[in-house]
Each structure stands twice: as structure tokens, then as C-alpha cells.
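Novice: Please find one structure pasted underneath; my questions will follow.
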Amino acid sequence: MSAVQRLGARLRALVVTGLAVLGGLALVQATPLGPLARMAVGKARGQSYRGPSPLASYRGEGGRQYGFLLPADEKAVAFIAAATSCVPVDTLLQVARAADVDAANLRALVDAHAVAGSDPCRVQLPAPLEGQAIELLPQGTHREQLRSDPELAARGLARVLASRRSTFASENDPDGLALEATLLGSEAVQAALTVARAAGLANAADFEAHRQYLPAEASALADAAVAVLARARLGRMLWPVDSHFRITSPFGDRMHPVLKVSKFHNGVDVAVPVGTPVHATLDGEVTRAASDNVSGRYLRVSHGLGIEAVYCHLDRALVDAPLAVHLGDDLARSGNTGRSTGPHLHFTLRLYGQPIDPLALGARGSPVPPAVAATP
Amino acid sequence: MALFKVLVVKLPAAVLDGMVALRLLTEPLALVVLILLGVHGAADLFDDLLFTAVDTADRAVDATVRGALDGLAGMDWLQPDTAARWADDEALLIDIDRKEVLAVSLTLVAELLLDLLLLLWCMGGGADASTVVSGASVDDSRLIRGLRRARTRAPGLLRAAALVLAFVLGSLALGRWSSGRVASLLVGPDLGEAIGDVARFAGVLVMGLALLTLVPVVQRRALARAEATTGARWLRALVLPTLVIALLVAELTSGSSARGLWSLVGGGAA
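These protein sequence lines are chains Y and S, in that order.
Anchor point for the first sequence: position 54 equals 322 in the numbering used here, and the numbering is continuous, going up by one each time.
Anchor point for the second sequence: position 15 equals 165 in the numbering used here, and the numbering is continuous, going up by one each time.
Listed below in C-alpha cells is the structure:
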């Protein structure tokens, strides 16, 4: 073999070996084979597996399923369901307006750091956030004051949010990025945005898009931050139909109108005439437009961060999957399809796969519709 | 000087010679991982199809059960309201969430089965047309005989087309994945748009190397047998034009909202 031929063979072998290694890494990270292999190894060692589900890569979540990774879904559901911070809503709104920050973000931060227990109105901030808040509050503010006065803590958080917001003022979603930076650090978020844009992602400002590019130390925090970010996003939710329509069946246990037994109702029923416009409650993507024996014609919309909404018993859908939608977009006309006792919209809201009560969250721009006892 | 020569010349040469010696292992391994990546890229198509199939089956079961219960009520073997209640019982009707999980689970199973099938075809690609189901005997289990049959008797063109398609998709997927990884490794120095250019170049380089380096392996394992069984000697000549067309299509669709088959190809970093 000549020297040239030998060189060619060596180069070819190097390339092929490199491809085998790269391909193996891609298989582990981007396909179900990786989680399956880790599950098998964990089982052989007698350890429980806490990574992404093998099914997650089909759900368009880039292999991550937040609900699976959170310490307990109940925790996220619990603090979302509470939805009432120890600081009165009016006060929070005043504080948010004064600091020119998104009220939903501020509320999510206060809710996240509210301490449950004997004194549920105590807001206990982590030390770094506490320090930043004190720096931005009037001189002379002490940690003890911050810990004993929830309203003062809220004002401190609002100022931290406002300072972060100025860093991202030129971005598409300065409020969302400000919240993220408050939790993960401005430098980490900025670095992730830069890399995401360099990777050619048009929606780099979305948390899900640039999450994978967060530096390692911030990436570890991101799992814990997802619940807060989701809570803030839910705080901007719009009601799917006009708020004057009556709610006939709220979320939770109820007497089933057909089966005459007590059953858990995983959503809210709103009595609306056939043909009533149904709107998108948040920005998101239609992931399925289909028909079902139980739910009739329905739409499933993913809003990111583990948030999902399902609109059931529709007369007709005006959109199809996949399609990006924006808050307030016209999605469908309500109907009476599927297993239904009358024209109504069944609206289900899920967080990390768990149904949550949309009434407890309220809806931006409209008061919470009055709930009426279900009529048989 | 001697140490320098060893570290810079002889050691790398020895490593590369080792890689050359392992060629018989690394070549099929590289092809296998690309095929598996390609199958996963195509699996997005299965999800919706399987959901429709599950939904259709659910409707059929519901209709059958409801008909049977109505029949029993008609014969006075059951109270009409009891029959209606049982027909509406949620145990008979699978809700959306269970159907979703079922469909996605079936997608995973389908992908794994397709992986197995393509791997069998790929591993058996070196044999010529005269190879029979060798080694099989009445003592072999039905499973073994079935696997041998699947490996050797699939239509040549179908097998070749499936392997080539999976290989091409996998190469494109690996290119995109590599582009994303390179971009993430460049965190730190603020290179701005240069990061994107470097990452995209890296992705195209990986994709190109995968396609060009492993084409002879694909020809040997997939197309040679197809040519032998079908007599179509022109199959191997089709590979490069097909690859060029596939690359052009992938480039034209990348960055669009196209999903399914092109989600890994055109969707940015994995």
C-alpha cells in the first residue's frame, strides 16, 4: 500500500469512527433509545429512573418532560391551585404597576416563595434574591423587615424584576426573560439566547428553545424554575369564551349528569350556544384537532412549560394541527358533539399532565366567571 | 526530539492504524446508528396515524358493545336504563389522554420493531442472491426461523429503499444534531453570528462526511443484494443522484414549519 493509500485509509477510518461515536451520542440524547437504555441500567442496579420518559421525544419537547423531572407534580399543582398569594391581589397589582413589571410574573415569584404552614403570609426569599431586593429597596431596609412584611418583599421582588427587564428590553419577551433572569441569572440567560440564535432558532426567546443552551450551573436550576415560569404564564391566561356565559360544572368532584355517580371532573363546563366563538387562552401550538366518542370534536393546544389546554364538544374547529396560535385567536365554534347533555364547552387545563382548576387562576382582562352549582 | 516524534507522529499513526484495523466493526456500527436516527426521524409520521387507528378501533368497540347491550335490553335481559348506563360507563370509552398515551406507546413499539427489521436487513446485506435460509433446521425455534426469513426474503427493492431512506434521513439528522452541539459548545466567547456560521458549517460537514463515507457501505449492504435479486444493475448508480436530490429538498424545507419527516432535518438543533 502506498503512503497516499495508507493516509487515505487512515483518514477514512478516523471519519467513520467519529461518525459512529457522534451518532451514538445523538441516539442516546435525541431518541427513545437513550432513556430506554438508562431505564434498563437503572433497573439492573435496583435504582429508580428519574429521567425523561422514552415517550417524551414524540411529544415535541426535545426529550424533556418537566413533570417527570420535578420533585413532585403535587407540589406544582398545589401552589398553582392555591393561586392566592399572601399579598393581596390588589396590592400586588399596585406594586407591579409602580415598578412597571408584569403582574403575572410578580405574582408567580411571590407565590413561589410564600411559606406554607402556621404563618402562610410569610414570604421567604432565597438569600441571593433577598440580597438583591435589599439593594434596590430604600436604604436602611433590613432582612428582618423583608421577612416579616410580605408587601415589602413583593416590592423588593418587583424592583429586581424591573432591573432584569431593562437588560432584555430589546427582546421579544422582556417580561418572560426578566423572570427567567431573576431565577437563573442574567448572564446565563443572555449566553443561552446568543447560542440559540447562532443555532438558527427563530424563537430563541422562548424558554423551551434556549433552555438546552443554558450553562451547566443555570441548567440545573432551570428544572426548579419551570414551575414558577409556568405559573407566571398561566397568570396571563384568557378565558376561552366570553366571560358572561354561565359555568354549569366546575372543576373537581361532581355528580355526573349521565352516570348519576360522583366523579372527578377534570375541567370546567361552560353553557354556550352552538356556534359560540372559542378563543386561544394563551400563545401556543395546536397539537391535535380530532374527534372522539367522549369529547366529540376537540382541539388540544400546547402552551409550553408543561401547560396544555383541551377544548371539547366543539361544533367545528377553525384550525388544524400543527399551527401556532396566539392569545385570543379564534380557534373553533362551540357545539354539542360527543357525550354531552347539551350545548357547552368543556375546557380542560393541564400542568405537567395533571388537570388544574382554571377558575382558581382567574383570567386576564375579565373577572372570574361566577360558578353555579351543577344542574342535573 | 525522539519523544516529540513519538507523541506527534508515531502515536497518532498507531491510533489511526488501530481504527483502520477496526474498520469491519466501525463501518457497520456507523451505518447502524445512522439508520436508527433516520427511523426515529420518520417516527413522527406514525404518531398521528396510530392515533387515528386507535380512535377508530375505540369507536368500533364502543359501537359493538352498545349494540350488544341494546340487544340485551330489547330481550328484557337487562333494564334499559342499566344498559344505557353501562354503555356510557367510562370503562368502555377510552378518553383522549389514554388514547394519546396508547398511540405514542404504539409509535415507540413500531419504531423499535422497524429498527430491528432494518438492522436485520442491514446485517444480512452482504449475502448474495443465492443465499438460502441457511442453518435453519427443524430444531430451530419458530422465532429464529422467522428472523432468518425476515432477513433474507424481503423484496430486494423494498429493503434497499428502506435502508437507503433511513440512512439518508439519519445523516441529515446527525448533521442537524451536530450543528446544535457545536453551537452550544461555543458558549462563552461572544462570537455573535460567527457561532451560527461555524455551527452550520460543522453540521454540513458531518452530514456530508456521513453520506459520502458510508455510501459504499450502503451500496454493499443494501443495494448489492437488491441488484442481485432484481437484476437491476443500475441501482447503485442511483444512490448519488438520490442523495443530491434529498439534500436539496432538505435544504429547501429547513427552517420552515414542516414537521414529521423533516422535523429533525429542518427543525434546528435536536
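For every residue, glycine included, the Cβ atom is placed at its ideal position computed from N, Cα and C.
All of these numbers come straight from a predicted model, not from anything done at the bench.
(1) Leaving aside the five residues before and after arginine 409 of chain S along the sequence, list all residues of the same chain whose C-beta is less than 6 Å from its C-beta, in chain order.
(2) Cβ closer than 8 Å: which chain Y residues qualify as neighbours of threonine 363 of chain S?
(3) Taking leucine 258 of chain S as the query, report the chain Y residues whose CB atoms sit under 8 Å from its CB, ordered along the chain.
(4) What runs of the beta strand (DSSP E), each 3 residues or longer, lie entirely inside the stretch 573-606 of chain Y?
(5) On the three-state DSSP scale, how would you describe aspartate 537 of chain Y?
(6) I'd like to know if methionine 269 of chain Y contacts chain S, where contact means its C-beta is closer than 8 Å to some C-beta of that chain.
(7) Contact between the stretch 578-594 of chain Y and the stretch 510-518 of chain Y: three or more CB pairs below 8 Å?
(8) Less than 8 Å between C-beta atoms, sequence neighbours within five positions excluded: which residues of the same chain meet that for leucine 573 of chain Y?
(9) What are the residues of the stretch 206-234 of chain S that lie near chain Y, defined by any Cβ-Cβ distance shorter than 8 Å?
(10) Can you look up proline 518 of chain Y in the DSSP assignment and give me helix, strand or coil?
(11) Whose C-beta lies closer than 8 Å to the C-beta of proline 442 of chain Y among residues of the same chain, with five residues either side of it excluded?
(12) Within the continuous alpha helix (DSSP H) that includes arginine 280 of chain Y, where are the two ends?
(13) Going along the chain, which residues of its own chain have a beta-carbon closer than 8 Å to the beta-carbon of aspartate 521 of chain Y, five neighbours each way excluded?
(14) Would you say glycine 535 of chain Y and aspartate 583 of chain Y are within 8 Å of each other, going by their C-beta atoms?
(15) Under 8 Å Cβ to Cβ from leucine 313 of chain S, same chain only, skipping five residues before and after it: list those, please.
(16) Can you list, in chain order, the residues of its chain with a C-beta nearer than 6 Å to that of glycine 302 of chain Y? Leave out the 5 residues immediately preceding and following it.
(17) Starting from histidine 547 of chain Y, trace the beta strand (DSSP E) in both directions and tell me its first and last residue.
(18) Rounding to the nearest angstrom, what Cα-Cα distance links leucine 411 of chain S and alanine 193 of chain S in this structure?
(19) Pull up the distance between the alpha-carbon of histidine 410 of chain Y and that of glutamate 398 of chain Y, whole angstroms please.
(20) Run the CB neighbour count on alanine 164 of chain S, radius 10 Å, all protein chains shown included, and call it buried at 16 or more, exposed below.
(21) Starting from the Cα of leucine 429 of chain Y, find the closest Cα among Y:Val463, Y:Ala382, Y:Ala376 and give me that residue.
(22) Taking the beta carbon of glutamine 480 of chain Y as the centre, do at least 16 other beta carbons fall within 10 Å, making it buried, or is it exposed?
(23) Indicate whether alanine 548 of chain Y and leucine 599 of chain Y have their beta-carbon atoms separated by less than 8 Å.
(24) With a 10 Å radius around its C-beta and 16 neighbouring C-beta atoms as the bar for buried, classify glycine 331 of chain Y as buried or exposed.
(25) Compare the C-beta of aspartate 441 of chain Y with all C-beta atoms of chain B and state if any pair is closer than 8 Å.
(26) I'd like to check one pair, alanine 311 of chain S with glycine 188 of chain S: are the Cβ atoms closer than 8 Å?
(27) Count the other C-beta atoms from every protein chain shown that fall within 10 angstroms of the C-beta of glutamine 400 of chain Y, then say buried if there are 16 or more, exposed otherwise.
(28) In the structure shown, what three-state DSSP assignment does glycine 453 of chain Y receive?
(29) What is the DSSP secondary structure of serine 321 of chain S, reduced to helix, strand or coil?
(30) Verify whether the separation of the beta carbon atoms of alanine 367 of chain Y and arginine 504 of chain Y is less than 8 Å.
(31) Looking at chain S, is there any beta carbon in it that lies within less than 8 Å of the beta carbon of leucine 295 of chain Y?
(32) Establish whether the CB of tyrosine 334 of chain Y and some CB of chain S are separated by less than 8 Å.
(33) Tell me whether the beta-carbon of alanine 321 of chain S lies closer than 8 Å to the beta-carbon of glycine 353 of chain S.
(34) Considering only DSSP beta bridges, list what glutamate 553 of chain Y is partnered with.
(35) Using a Cβ cut-off of 8 Å (strictly closer), state whether alanine 277 of chain Y contacts chain S.
Specialist: For this structure:
(1) Numbered from 1 along the second sequence, position 259 holds the residue referred to as residue 409 of chain S. A caution first: arginine 409 of chain S carries a pLDDT of 41, below 50, which makes its placement in the model unreliable, though a value can still be read off. Around arginine 409 of chain S: no qualifying Cβ.
(2) The residue labelled residue 363 of chain S in the question sits at position 213 within the second sequence. Correct list: Arg280, Val283, Val284, Leu287.
(3) Walking along the second sequence from the start, residue 258 of chain S turns up at place 108. Those are Pro300, Pro322, Leu323, Tyr326, listed as they occur along chain Y.
(4) 575-585, 591-593, 598-602
(5) Locating residue 537 of chain Y in the first sequence gives position 269, counting from the first residue. It is a strand residue.
(6) Position 1 of the first sequence, counted from the first residue, corresponds to residue 269 of chain Y. It does not: the Cβ of methionine 269 of chain Y has no partner Cβ on chain S nearer than 8 Å.
(7) no
(8) Locating residue 573 of chain Y in the first sequence gives position 305, where the first residue counts as 1. Counting only Cβ-Cβ distances below 8 Å, and skipping sequence neighbours, we find Tyr334, Phe475, Glu476, Val494, Leu497, Ala498, Arg501.
(9) Asp208, Arg209, Asp212
(10) As a working note, residue 518 of chain Y is residue 250 in the first sequence. Here proline 518 of chain Y sits in coil by DSSP.
(11) The residue given as residue 442 of chain Y occupies position 174 in the first sequence. Correct list, in chain order: Arg433, Phe436.
(12) Counted from its first residue, the first sequence places residue 280 of chain Y at position 12. Per DSSP, arginine 280 of chain Y belongs to the alpha helix (DSSP H) from 271-298.
(13) Locating residue 521 of chain Y in the first sequence gives position 253, counting from the first residue. Excluding residues within five positions, the ones whose Cβ falls inside 8 Å are Ser530, Lys531, Phe532, His533.
(14) By one-based count along the first sequence, residue 535 of chain Y stands at place 267. By one-based count along the first sequence, residue 583 of chain Y stands at place 315. No, they are not a contact pair.
(15) Taking the first residue of the second sequence as position 1, residue 313 of chain S is located at position 163. For leucine 313 of chain S, where only same-chain residues beyond five positions count, the Cβ hits under 8 Å are Ile185, Leu268, Trp271, Cys272, Gly275, Val368, Arg371, Ala372.
(16) Position 34 of the first sequence, counted from the first residue, corresponds to residue 302 of chain Y. Closer than 6 Å at Cβ, skipping near neighbours: Val296.
(17) By one-based count along the first sequence, residue 547 of chain Y stands at place 279. Start and end: 545-547.
(18) Taking the first residue of the second sequence as 1, we reach residue 411 of chain S at position 261. Taking the first residue of the second sequence as 1, we reach residue 193 of chain S at position 43. The predicted model places leucine 411 of chain S with a pLDDT of 37, which falls under 50 and marks its position as unreliable; any figure quoted below should be read in that light. Leucine 411 of chain S and alanine 193 of chain S: Cα-Cα distance of roughly 8 Å.
(19) Locating residue 410 of chain Y in the first sequence gives position 142, counting from the first residue. Locating residue 398 of chain Y in the first sequence gives position 130, counting from the first residue. Rounded to the nearest angstrom, the two C-alpha atoms are 10 Å apart.
(20) On the second sequence, position 14 is the one that residue 164 of chain S refers to. Under this definition alanine 164 of chain S is an exposed residue.
(21) Translated into the one-based positions of the first sequence, residue 429 of chain Y becomes position 161. Closest by alpha carbon: Y:Ala376.
(22) The sequence position of residue 480 of chain Y within the first sequence is 212, counting from 1. Glutamine 480 of chain Y should be labelled buried.
(23) Walking along the first sequence from the start, residue 548 of chain Y turns up at place 280. Walking along the first sequence from the start, residue 599 of chain Y turns up at place 331. In this structure, leucine 599 of chain Y lies closer than 8 Å to alanine 548 of chain Y by Cβ.
(24) In the first sequence, counting from the first residue as 1, residue 331 of chain Y sits at position 63. Legend: pLDDT at glycine 331 of chain Y = 36, less than 50; position of this residue unreliable, no value from coordinates given.
(25) Looking at the structure shown, chain B is missing, and the protein chains on hand are Y and S.
(26) Against the second sequence, residue 188 of chain S aligns to sequence position 38. Against the second sequence, residue 311 of chain S aligns to sequence position 161. No, these two residues do not count as a Cβ contact at 8 Å.
(27) The sequence position of residue 400 of chain Y within the first sequence is 132, counting from 1. When all chains shown are included, glutamine 400 of chain Y counts as buried.
(28) Here residue 453 of chain Y corresponds to residue number 185 of the first sequence, with the count starting at 1. The answer is coil: DSSP assigns glycine 453 of chain Y none of H, G, I, E or B.
(29) As a working mapping, residue 321 of chain S is identified with position 171 in the second sequence. Helix at serine 321 of chain S.
(30) Within the first sequence, numbered from 1, the residue matching residue 367 of chain Y stands at position 99. Within the first sequence, numbered from 1, the residue matching residue 504 of chain Y stands at position 236. No, the pair does not count as a contact, with Cβ atoms beyond the cut-off.
(31) Numbered from its first residue, the first sequence carries residue 295 of chain Y at position 27. Output row for leucine 295 of chain Y: interface = yes.
(32) By one-based count along the first sequence, residue 334 of chain Y stands at place 66. The pLDDT assigned to tyrosine 334 of chain Y is 41, lower than 50, so where the model puts this residue is not dependable, and the model offers no usable value.
(33) Here the question's residue 321 of chain S lines up with position 171 in the second sequence. Here the question's residue 353 of chain S lines up with position 203 in the second sequence. The residue asked about is misnamed: residue 321 of chain S is serine in this sequence, not alanine. Not in contact: serine 321 of chain S and glycine 353 of chain S (Cβ atoms no closer than 8 Å).
(34) Here residue 553 of chain Y corresponds to residue number 285 of the first sequence, with the count starting at 1. Answer is Y:Ser570, Y:Ala592, bridged to glutamate 553 of chain Y.
(35) The residue labelled residue 277 of chain Y in the question sits at position 9 within the first sequence. So, interface residue.
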